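See below for the structure under consideration.
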Amino acid sequence: MHLHNEFAPDSVEARDLRTLLHPSTNLKQHQEHGPVVHEQAKGVYLWDNQGKQYLEGMAGLWCTALGYGNEELAAVAEAQMRKMSYSQLFAGRTNEPSVALAERLIDMAPMDTGRVFFGLSGSDANDTQIKLLWYYNNAIGRPEKKKIISRKRGYHGITVASGSLTGIPTFHKEFDLPLPGVMHVTCPHFFSEGLPGESEAQFVDRLLAELEQLILQEGADTIAGFIAEPIQGAGGVLVPPQDYLPRVAQLLAQHDIVFIDDEVICGFGRTGQPFGAQTFGVKPTTMSLAKALSSAYLPISAVLLPEYMHDAFVDRSDELGNFGHGFTYSGHPVCAAVALRNLEIMEELDLFSHANRVGQVLQQRLRAFADHPLVGEVRGEGLIAAVELVRHKQPRTPFDLTDGVGAYCAAACQEAGVILRNLGDSVAFCPPLVISEEQIDELVSKFAVGLDATLAWAKTSRLI
Ligand SMILES: Cc1ncc(COP(=O)(O)O)c(C=O)c1O
């Protein structure tokens, strides 16, 4: 780490410190230490401006599924830019790349998909989900049915509406969120939320009872939707008990509540199946997709919805004269062409099967850390995982978050040459899906170096 007065005035670091407002950053620490400048990336590796190489263990922000520097995607983007750099979907215009991408998503998604709405980010997809449910319930004469149930430690974005769905306090405080009408129930992470003496089966019963009680108390006729990530990513890679989501889906169906499946992280092979819904055996009503949809080569998101919702929009938009929702860049032809080719390449590489196979290796290798003195839980599915660090294993005692143990570990891993991310005291893993078995060995060995450095530091700092 540097102190900011070490930077030459015309360096990228100094210019950054004079100009940027950084998203999701401790701004004071950033001013003190300055940025890490990433300069180049290829495959699963990334280099900073000092020439240091890192193995990308987080696929950027859970998104660079195909890895960096794919020449074919660059060529597709260039060709589409030359052919038609922009076109719109407003007022009945269309373009072939958007139609082809929608067809592919309708074929792939494990739900009764009728229609696809394109945006640019996971946040706008989830904003759109809320707006579409409100519009739908108004259109069919149920104006009271508007509330949304989300979960604590869920992450669904940061705009005013999607940020309200997010159930992590740091994204609410000082921003006057969440909005009224969004409620958060307990997240299905047995390790952190299970009560002393409670079995996992009893835990799931308790969460189902909590959800049902909330529905009955508010009245099902006031609740439009329930949103969930199959595995809660930014909340800590929280893997639910296997029967939790199917039981939730069943309860929602009984009360005519839409199950919004936020697949922004889990979608496209991350959990070892095409979609997280398949890993957990559920069929959602609607889906949000982003990130791996284009492997982050260009921004694009999609909301998938059933035909009966579209039918309601058709009639109401005719009465109103317009369906008043959409972005300038909804169906951007370059983003759509790149996303389409990205999905084709995934199929050509049989990438979801690969992710399933090497994902099992990653999960196995990480579970070997369960005996490490700092490790409380190792969890994950496919190529997404977390190792949670604790002060004592038995009885399980977490560190104080202010001890910064997770942050220390992520920094120590970075020093060792692997980019991982701490979510509190959980260290998250989410490498590009193209990672090889040898590269998983490298990732795990470098994590081991960071973890042992963290143990040594925790001992000398008398945290354990
Ligand atoms: C599950 C989930 N939903 C939505 C979002 C928001 O996506 P974006 O940052 O593209 O707005 C994220 C981002 O990490 C996410 O993980």
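Position 226 of the sequence shown, counted from 1, bears residue number 225 in numbering that gives the first Met the number 0, the numbering being contiguous throughout.
The beta carbon of each residue, even a glycine, is placed where N, CA and C say it ideally should be.
All of these numbers come straight from a predicted model, not from anything done at the bench.
### Message
Going by the DSSP bridge assignment, what does Lys282 pair with across the sheet?
### Response
Note: Lys282 sits in no beta bridge, so no partner.
Q: Within the segment 332 to 407, note down every full beta strand (DSSP E) run reaching 3 residues or more, in order along the chain.
A: 374 to 380, 383 to 388
* Below-8 Å beta-carbon distance, Leu348 vs any chain E residue -> Within the model displayed, chain E is absent; a lone protein chain is all it includes.
Straight-line Cα distance separating Glu102 from Glu414 = 44 Å
task = Find the nearest neighbour of Pro96 within the set Ile147, Ala295, Val360, Ala335, judged by alpha-carbon distance.
result = Ala335
task = Taking only the alpha-carbon atoms, compute the straight-line gap between His1 and His32 and give it to the nearest angstrom.
result = With a pLDDT of 48 at His1, under the threshold of 50, the predicted position of this residue should be treated as unreliable, and no value is reported.
Worksheet entry | Of the residues Leu164, Lys392, Arg246, the one placed nearest Glu209, counting alpha carbons only | Arg246
- Query: So what's Ser460 in DSSP terms, helix, strand or just coil?
  - Reply: coil
Close-in-space but distant-in-sequence residues of the same chain around Gly193 (CB under 6 Å, 5 per side omitted)
Phe202
Self-check item: Reference Thr278, options Asp317, Gly320, Ile299, Glu228, closest by Cα
Solution: Glu228
For Gly59, the three-state DSSP class (helix, strand or coil) = helix
Would you call the segment 316 to 327 and the segment 400 to 411 touching, i.e. three or more CB-CB distances under 8 Å? no
Among all the DSSP beta bridges, which residues are the ones paired with Leu54?
Tyr44, Val417
Please find out if some non-hydrogen atom of ligand 2 comes closer than 7 Å to the beta-carbon of Ser120. As presented, the structure is devoid of ligand 2, carrying ligand 1 as its sole ligands.
Notebook entry, point to check: Looking at Val43 and Phe54, is the spacing between their C-beta atoms short of 8 Å?
Noted result: In the sequence under discussion, the amino acid at residue 54 is Leu, which differs from the Phe named in the question. Cβ atoms of Leu54 and Val43: closer than 8 Å.
Under 8 Å: do the segment 219 to 233 and the segment 254 to 262 share three or more Cβ pairs, one atom per stretch?
yes
Leaving out five residues on either side along the sequence, give the residues of the same chain with a beta carbon under 6 Å from the beta carbon of Ile139.
-> Ala311
TODO: Classify Phe351 as buried or exposed, calling it buried when 16 or more other Cβ atoms lie within 10 Å of its own Cβ.
DONE: buried
**Item:** Local Cβ density within 10 Å of Asp9, reported as buried at 16 or more and exposed below that
**Value:** exposed
(request) Report buried or exposed for Asp196, applying the criterion of at least 16 other Cβ atoms within 10 angstroms of its Cβ. (result) The sequence as given places Gly at residue 196; Asp does not occur at that position. Gly196 comes out exposed.
Ligand 1 and Leu65: does the residue's C-beta get closer than 7 Å to at least one heavy atom of that ligand? no
If we call anything under 8 Å between Cβ atoms a contact, is Leu373 one with Leu450?
-> yes
>> So, for Gly50: in the same chain, excluding its five sequence neighbours on each side, which residues have a beta-carbon less than 7 Å away from its beta-carbon?
In response: none
What three-state label does DSSP hand Ser428 in the structure shown? Before going further, note that residue 428 is Phe rather than Ser in the sequence given. Residue state, collapsed to three classes: strand.
TODO: Hey, could you find the ends of the alpha helix (DSSP H) Phe117 is sitting in?
DONE: That residue, Phe117, is in no alpha helix (DSSP H); its beta strand (DSSP E) goes 114 to 118.
Measure from the alpha carbon of Pro179 to the alpha carbon of each residue in Ile148, Ala200, Phe189, Glu199, then state which is nearest. Ile148
Practice prompt. Have a look at the DSSP bridge pairing and note the partners of Leu303.
Written response: Val115, Met286
Next on the checklist: So for Tyr67, helix, strand or coil by DSSP?
Outcome noted: strand
_Please tell me whether Ala369 and Met57 are closer than 8 Å, where the distance is taken between their beta carbons._
no
Three-state secondary structure (DSSP) of Ala233: coil
| For Trp456, is the beta carbon positioned less than 7 Å from some heavy atom of ligand 1? | no
At the level of alpha carbons, what is the spacing between Thr132 and Pro177? According to the sequence as given, residue 132 is Leu; it is not Thr. Roughly 18 Å between the two C-alpha positions.
Close beta carbons around Cys408, own chain, < 7 Å, minus the five adjacent residues each side
Leu388, Asn421, Val426, Gly449, Leu450, Thr453
Is Tyr134 near ligand 1, in the sense that its beta carbon is under 7 Å from a heavy atom of that ligand? no
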